[in-house]
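Data first, discussion second: the structure below is written as structure tokens.
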Amino acid sequence: MSSTLPSPFAHPDPDLPIREGAPALSRPTKEEIASFPAEAQALLETTTAEQAPLIEAGQFDLDWLEGRHILLAGATGPGLGGALATAVLQTNTAASLTVIGRDLRRSLNFETGRIMAEQAEAAGWGNRFHWLNDGTALEGPALENLLTAL
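In short: position in the sequence shown from 1, add 287, done, that's the working numbering.
Next up, the structure:
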């Protein structure tokens, strides 16, 4: 039985070196794990400090947040999602904010999500803020948690 592939890109270059196996995953050291909470706190403080003057001056048009339910997947890191989650928490006008992550418990992003939840509680968000670390699921308890939060 022979099959032909319709695309020339489906055939690997014959000179392409292929290495068998996957690289070993590196695990954080005990010292790195111990530093994650402070690094997460510093990340959130830096992001907040940089955004605050822009929000106060009206350079961030976040009026559209008022009364809306915001769902951000992967917003526990230093990227755009984390920056938007921090801005939403600062304005405190959204009806709710749900941040979905899938971070290892011993990671910087996990600690960032945990500290976001603490800050939201301290700011009076109550049950309007949800941090779910189950990933985006289509079934089972993780989906139930997401539906309950929304």
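Quick reminder that beta carbons are idealized off the backbone N, C-alpha and C, glycines included.
As the structure is a computational prediction, the values presented were derived from the model and not from experiment.
Asked	Found
According to DSSP, is glutamate 307 part of a helix, a strand, or is it coil?	coil
Less than 7 Å between the C-beta atoms of threonine 363 and glycine 400, yes or no?	yes
Can you list, in chain order, the stretches of the alpha helix (DSSP H) that have 4 or more residues and sit fully within the stretch 329-361?	none
Could you give the C-beta distance for leucine 303 and threonine 385, rounded to a whole number, given that I count them as a contact under 8 Å?	That pair is no contact at about 43 Å.
Buried or exposed for methionine 288, please, with buried defined as at least 16 other CB atoms from any protein chain shown within 10 angstroms of its CB.	Its pLDDT being 47, under 50, methionine 288 is placed unreliably by the model, and the measurement read from it follows with that caveat. With fewer than 16 Cβ atoms within 10 Å of its Cβ, methionine 288 is classed as exposed.
Quick one: using the 10 Å Cβ neighbour count with 16 as the cut-off for buried, is histidine 356 buried or exposed?	exposed
Short of 6 Å in beta carbon distance, which residues of its chain neighbour histidine 417, apart from the five on each side in sequence? Order them along the chain.	Thr385, Ala436
Taking glutamine 377 as the reference, give the member of Leu433, Pro428, Leu349 with the closest Cα.	Leu349
If you drop the 5 nearest sequence neighbours on each side, which residues of the same chain put their C-beta closer than 8 Å to that of phenylalanine 347?	Gln338, Leu341, Ala374
Does the distance from the CB of isoleucine 387 to the CB of alanine 360 come in under 7 Å?	yes
Specify, as a first and last residue, the run of the beta strand (DSSP E) that phenylalanine 416 falls within.	416-419
Based on DSSP bridge pairs, tell me the residues matched to alanine 381.	Glu353
Would you kindly check if the distance between the Cβ of leucine 330 and the Cβ of alanine 299 is under 7 Å?	According to the sequence displayed, residue 299 carries proline and not alanine. No. Outside cutoff.
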